[in-house]
Amino acid sequence: MKILGLVLLAGMALTACGNEVGAAGDTTGSPVGTSYLSVRVTEDGKDKQLVRGTRLRLDFTRDGTLGFHAGCNQMGGEASLNGGTLAMTAYGGTEMSCGAAVDAQEKWFGELLSEGPTWKVEGDRLTITRGSTTIVLQDREVVEPDVPLAGTIWNVDGLVTKEIVDHYYSVPPATLTIVGGKVSGTTSCNQFHGTVTQSGTTLTFGDLIVTNEGCSGEALRLQDAVLARLKGKLTYTIDHDRMELRRADGTVGLDLVAGK
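Note that the numbering used here gives residue 65 to position 57 of the sequence shown, counting from 1, and the numbers run on in steps of one.
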């Protein structure tokens, strides 16, 4: 079991004065409200290779926050978009090490964003430029469309309690699948099924029927934690192949990833 502590992000205020969405036919607009993934990075006119399996990500949320990700930690910082310049004076986030190469890439990306790069939106693409470095990003929903809620086998990746996420890597993952008002899955050592109703982004789980195979150790702790969370109303959000299930207060729930 691995427990990750979260660092509170600094308060952020995103504005785009002078760069709001233009009139009809104008391809230049604001990135606020959109998440972007890198599709090309160049330095000194040559392609820069990112760490295998990673992309650069920027999240310009409508509640006034800027988040970024370079393959490991979830980061964010104080930022503004005034005058076509992205100004981020400080940032923070989770504190994990994912290996020297990814750690270095994350540091490089954070420093670049802190050095006042210019930005421009054209259609579904965002271009960030600083010196000889250019990062072209595209709307995340175009690059990595969301997988559907229904019919997908979702593997439980983390159990959320306030600012702590527990991971169980030494036992088979718990799973759940939702189809036609029914939910079924495994707890790692038992199977379960029951009913679930959907209203918008709210799922309401009925009582679950669980088989009675013996569980012990990590498998039993995972089972108890999963079943305790799959009760009543939970709100879901899907981001490509990842889903979050949360109680109304947002402090308890499950992190899941779509099965391959």
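Glycine residues also receive a C-beta, built at the ideal position from the N, C-alpha and C atoms.
Item: Cβ pair G188, G202 closer than 7 Å; Value: no
Item: Exposure label - A227; buried when at least 16 CB within 10 Å; Value: buried
Item: Integer-rounded CB distance, given that Y44 should sit under 8 Å from Q113; Value: Not a contact, Cβ separation roughly 17 Å.
Item: Per DSSP, the bridge partner or partners of W162; Value: L184 and A266
Item: Proximal residues to T245 (C-beta, below 6 Å), its chain only, five neighbours per side dropped; Value: E252
Item: Beta-carbon contacts of D34 that lie in its chain and below 6 Å, excluding the five residues immediately before and after; Value: In this prediction, D34 scores a pLDDT of 33, lower than 50, which makes its location untrustworthy; no coordinate-derived value is stated.
Item: Secondary structure of Q113, DSSP reduced to three states; Value: helix
Item: Nearest-angstrom beta carbon gap, A78 and V155 [assumed within contact, 8 Å]; Value: Not confirmed; about 23 Å, so no contact.
Item: Inter-residue spacing [alpha-carbon to alpha-carbon] between I136 and P125; Value: 6 Å
Item: Three-way DSSP call (helix, strand, coil) for R229 in this model; Value: helix
Item: Whole-angstrom distance between V49 and G91, CA atom to CA atom; Value: 23 Å
Item: Limits of the beta strand (DSSP E) - the one that E51 falls within; Value: T42 to E51
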